[in-house]
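J.:
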Amino acid sequence: LEDPYENMGAQLLKEAATKTNDIAGDGTTTATVLAQNIVNEGLKNIAAGANPMLLKRGIEAGTAALADKIRSMAISIDDKSEIASVASISAQDTSIGELIADVMDKVGKDGVITVEESRSLEFETDYVEGMNFDRGYLSAYFVTDSDTMEAVIEDAYILIHDKKISSAQDIIPILEKLVQTGRKNLVIIAEDVD
Numbered sequence: 001l002e003d004p005y006e007n008m009g010a011q012l013l014k015e016a017a018t019k020t021n022d023i024a025g026d027g028t029t030t031a032t033v034l035a036q037n038i039v040n041e042g043l044k045n046i047a048a049g050a051n052p053m054l055l056k057r058g059i060e061a062g063t064a065a066l067a068d069k070i071r072s073m074a075i076s077i078d079d080k081s082e083i084a085s086v087a088s089i090s091a092q093d094t095s096i097g098e099l100i101a102d103v104m105d106k107v108g109k110d111g112v113i114t115v116e117e118s119r120s121l122e123f124e125t126d127y128v129e130g131m132n133f134d135r136g137y138l139s140a141y142f143v144t145d146s147d148t149m150e151a152v153i154e155d156a157y158i159l160i161h162d163k164k165i166s167s168a169q170d171i172i173p174i175l176e177k178l179v180q181t182g183r184k185n186l187v188i189i190a191e192d193v194d
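According to my numbering, the sequence shown is numbered sequentially starting from 1.
1) Mapping DSSP to helix, strand and coil, what is ALA101?
2) Where ASN45 and ILE23 are concerned, what is the direct C-alpha to C-alpha distance, given to the nearest angstrom?
3) If you draw a straight line from the C-alpha of GLU82 to the C-alpha of ILE189, how long is it?
4) What would DSSP say about LEU175, mapped onto helix, strand or coil?
5) When burial is assigned at 16 or more other CB atoms within 10 Å of the CB, is THR125 buried or exposed?
6) Kindly indicate which residue of THR30, ILE158, ALA47 has the alpha-carbon position closest to the one of ILE174.
7) Figure out for me which residue from ALA16, LEU178, VAL187 has the closest Cα to the Cα of GLN36.
8) Exposed or buried, which one is THR63 when buried takes at least 16 other CB atoms within 10 Å?
9) Check ILE77 in the structure and name its three-state DSSP category.
10) Check whether the region 86–96 touches the region 57–72, taking contact to mean three or more Cβ pairs, one atom from each stretch, closer than 8 Å.
11) What do you get for THR20, buried or exposed, if any count of 16 or more other CB atoms within 10 angstroms of its CB means buried?
12) Could you have a look at ASP68 and say whether DSSP puts it in helix, strand or coil?
13) Bridge partners for VAL187 per DSSP, in chain order?
14) Bridge partners of GLU150, per DSSP?
15) Quick check on the burial criterion: 16 or more other C-beta atoms within 10 angstroms. Buried or exposed for GLY97?
16) Is it true that the CB of ILE165 sits closer than 8 Å to the CB of ASP134?
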């Protein structure tokens, strides 16, 4: 957006939706609608003379109280049949619910399930061990095998960083530790890199 304030708001909203999706795997629309309503009501209250800092504290207190209430009402399900029941209701199809329960049973609570649209009418499952990333190397200069266009790094330290790396200064302490170990290979997995 051209207006810097509108752009800042849009970026915050985008970040809220992305964070919600990363944590819950769903709920981006709910997060967006809630954020918009919080902004609208906040602006109304400020225009009516409310103290912005008190308003912020009130929103934070309300958020904490609501999160506590939701946690107290949450029902933990571990049984495969309960998972199938919930998934069947969500999908409005018992066969899909049972398939999801089977997949969850195989990958466990910490596993990742990705649903993709198929060109066939059948349901297929594909299990991938390890980690899978939707992006690859940052630059073609990292390619070690020009035939397959792969970057193969062996005996490497792996740095996983959940934020954007804006400059080398952000990771210098880690690079210094790496030099002390005598190993040279480092793979960095980050949200983004400038």
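Ideal Cβ positions, reconstructed from N, Cα and C, are used throughout, including at glycine.
T.: This is what the structure holds:
1) Along the sequence shown, read from residue 1 onward, the residue named residue 101 stands at position 101. Reduced to three states, the DSSP call for ALA101 is helix.
2) Position 45 of the sequence shown holds residue 45. Position 23 of the sequence shown holds residue 23. Straight-line Cα distance between these residues: approximately 30 Å.
3) As a position in the sequence shown, residue 82 is number 82, starting the count at 1. As a position in the sequence shown, residue 189 is number 189, starting the count at 1. Roughly 36 Å separates the two Cα atoms.
4) For the purposes of this step, residue 175 is identified with residue 175 of the sequence shown, where counting begins at 1. If DSSP states are grouped into helix, strand and coil, LEU175 belongs with the helices.
5) To locate residue 125, count along the sequence shown from 1; it is residue 125. Exposed.
6) For the purposes of this step, residue 174 is taken as residue 174 along the sequence shown, with counting starting at 1. Nearest of THR30, ILE158, ALA47 to ILE174, Cα basis: ILE158.
7) The residue labelled residue 36 in the question sits at position 36 within the sequence shown. The shortest Cα separation from GLN36 among ALA16, LEU178, VAL187 belongs to ALA16.
8) As a position in the sequence shown, residue 63 is number 63, starting the count at 1. It counts as exposed.
9) Walking along the sequence shown from the start, residue 77 turns up at place 77. Here ILE77 sits in coil by DSSP.
10) no
11) Counted from its first residue, the sequence shown places residue 20 at position 20. Buried, since its Cβ has 16 or more Cβ neighbours within 10 Å.
12) On the sequence shown, residue 68 is found 68 positions in, with the first residue counted as 1. Annotated three-state conformation of ASP68 is helix, per DSSP.
13) Translated into positions along the sequence shown, residue 187 becomes position 187. According to DSSP, which records beta bridges pairwise, VAL187 is partnered with ILE158.
14) Counted from its first residue, the sequence shown places residue 150 at position 150. According to DSSP, GLU150 bridges with ASP145.
15) Sequence index remark: in the sequence shown, residue 97 carries index 97 (1-based). Buried, because 16 or more other Cβ atoms sit within 10 Å of the Cβ of GLY97.
16) As a first step, residue 134 is located in the sequence shown; it is residue number 134 there, counting from the start. As a first step, residue 165 is located in the sequence shown; it is residue number 165 there, counting from the start. No, they are not a contact pair.
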